[in-house]
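Position 148 of the sequence shown, counted from 1, bears residue number 148 in the numbering used here, the numbering being contiguous throughout.
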Amino acid sequence: MALDYDSVSAHIRHTLGGDISAELNVLDIINNAGDFMASMYPWRWLEEVVTFQGVHNQAHITLPIGFAELMSFAPRGLDSRASTSLARFYAVSAQEIWDKREVAVAGDEDAAYTSVPLGAFYFAIAYDSAAGTVTPVPRMEMFPTPNSGRTSTKHTHTDCVGNMTYRRSWTPITLTTSPFICPQFMEPLYLQMVRAFTRGYEEEDVATTNARISEVANGPLFMTAVQRDALIEATTLRTVRRSSPTTLAGVGGATQQQG
Numbered sequence: 001m002a003l004d005y006d007s008v009s010a011h012i013r014h015t016l017g018g019d020i021s022a023e024l025n026v027l028d029i030i031n032n033a034g035d036f037m038a039s040m041y042p043w044r045w046l047e048e049v050v051t052f053q054g055v056h057n058q059a060h061i062t063l064p065i066g067f068a069e070l071m072s073f074a075p076r077g078l079d080s081r082a083s084t085s086l087a088r089f090y091a092v093s094a095q096e097i098w099d100k101r102e103v104a105v106a107g108d109e110d111a112a113y114t115s116v117p118l119g120a121f122y123f124a125i126a127y128d129s130a131a132g133t134v135t136p137v138p139r140m141e142m143f144p145t146p147n148s149g150r151t152s153t154k155h156t157h158t159d160c161v162g163n164m165t166y167r168r169s170w171t172p173i174t175l176t177t178s179p180f181i182c183p184q185f186m187e188p189l190y191l192q193m194v195r196a197f198t199r200g201y202e203e204e205d206v207a208t209t210n211a212r213i214s215e216v217a218n219g220p221l222f223m224t225a226v227q228r229d230a231l232i233e234a235t236t237l238r239t240v241r242r243s244s245p246t247t248l249a250g251v252g253g254a255t256q257q258q259g
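Here is the structure:
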């Protein structure tokens, strides 16, 4: 069944045999367990596809809320099949973006648009915290800056359109009515993480949170979730723990001997 606040908080009470301490917060436990579970493996169920577009005279593109990792993007400048009549994107290091911006401080002067190929946009993903005044979030730093007046070099914001596959983070539970965004096969692992975090916080003199979540991370619930997650694409080359290196994953996690 789908998780909700009441069912998860019931597990918190059950593992303690009562309510949590007044100093702790149920939502914190719920989200800490979710954040850790989402970060412990590159889950396929956290992958999303989105279209991104440049903004006129803005040197960056805002990424989706919860963006965690860029996995792929298109059209790539290094792909010889990409149309030269459309924008193409090059993923480079942040240092390269800063180096290129030396051509024109903000990347929006004439020299910036002629220093790159026709329709080419270079980008790097970097954190921005508004000089330490807000929570850091990743964004795409662009060069040159998309500008509606740069039609001749195909660097307008309407040209600056692409697609990406990215991995998102855990969707925070902020209200008692917030939905839990995770597939059903992940629920047993998540609930064990919730119980481990709960007892780690409440009973750290018996066993710390690190010890408890380490036990879950090295147990069959995690291994089975990894195998189930990988079944979404049979051709994906993933390192999945097997009982023997001479066996292959079969349907439903079964194994088949190599011939």
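Ideal Cβ placement from N, Cα and C applies to all residues, glycine included.
*Determine contact between the segment 120 to 137 and the segment 14 to 34, defined as no fewer than three beta-carbon pairs at a distance below 8 angstroms.*
no
*asked:* Measuring straight from C-alpha to C-alpha, what distance separates Tyr-5 and Asp-28?
replied: Indexing the sequence shown from 1 puts residue 5 at position 5. Indexing the sequence shown from 1 puts residue 28 at position 28. Between Tyr-5 and Asp-28, the C-alpha separation is close to 12 angstroms.
*Buried or exposed for Trp-98, please, with buried defined as at least 16 other CB atoms from any protein chain shown within 10 angstroms of its CB.*
Here residue 98 corresponds to residue number 98 of the sequence shown, with the count starting at 1. By the C-beta density criterion, Trp-98 is exposed, having fewer than 16 other C-beta atoms within 10 angstroms.
*Taking Cβ positions, are Glu-69 and Arg-139 nearer each other than 8 angstroms?*
Counted from its first residue, the sequence shown places residue 69 at position 69. Counted from its first residue, the sequence shown places residue 139 at position 139. Not closer than 8 angstroms, so no.
_Whole-angstrom C-beta distance between Pro-144 and Val-116, which should lie under 8 angstroms_ = Start at 1 with the first residue of the sequence shown, and residue 116 comes out as number 116. Start at 1 with the first residue of the sequence shown, and residue 144 comes out as number 144. The Cβ separation is near 6 angstroms, so the contact holds.
*Can you give the beta carbon distance from Ile-189 to Met-37, rounded, assuming they're within the 8 angstroms contact cut?*
Along the sequence shown, read from residue 1 onward, the residue named residue 189 stands at position 189. Along the sequence shown, read from residue 1 onward, the residue named residue 37 stands at position 37. Ile is not the amino acid found at residue 189; the sequence shown has Leu there. Confirmed, Cβ separation roughly 6 angstroms.
*Same chain only: Cβ atoms within 6 angstroms of Ala-112, ignoring 5 sequence neighbours per side*: Taking the sequence shown and counting its residues from 1, the one referred to as residue 112 is at position 112. If we look at Ala-112 and ignore the five residues flanking it on each side, its Cβ neighbours are Val-103, Ala-104, Pro-144.
*Within its chain, find whatever has a CB closer than 8 angstroms to the CB of Ser-169; leave out the 5 residues flanking it on each side and keep chain order.*
As a first step, residue 169 is located in the sequence shown; it is residue number 169 there, counting from the start. Taken in chain order, the residues that qualify are Asp-35, Ala-38, Ser-39, Leu-46, Gly-66, Phe-67, Ala-68.
*asked:* If I measure Cβ to Cβ from Ala-127 and keep anything under 6 angstroms in the same chain, skipping five residues before and after, which residues do I get?
replied: Stepping through the sequence shown from its first residue, residue 127 is reached at position 127. According to the sequence as given, residue 127 is Tyr; it is not Ala. Closer than 6 angstroms at Cβ, skipping near neighbours: Pro-136, Pro-138.
_Same chain only: Cβ atoms within 7 angstroms of Thr-151, ignoring 5 sequence neighbours per side_ = Start at 1 with the first residue of the sequence shown, and residue 151 comes out as number 151. Cβ neighbours of Thr-151 beyond the five flanking positions: none.
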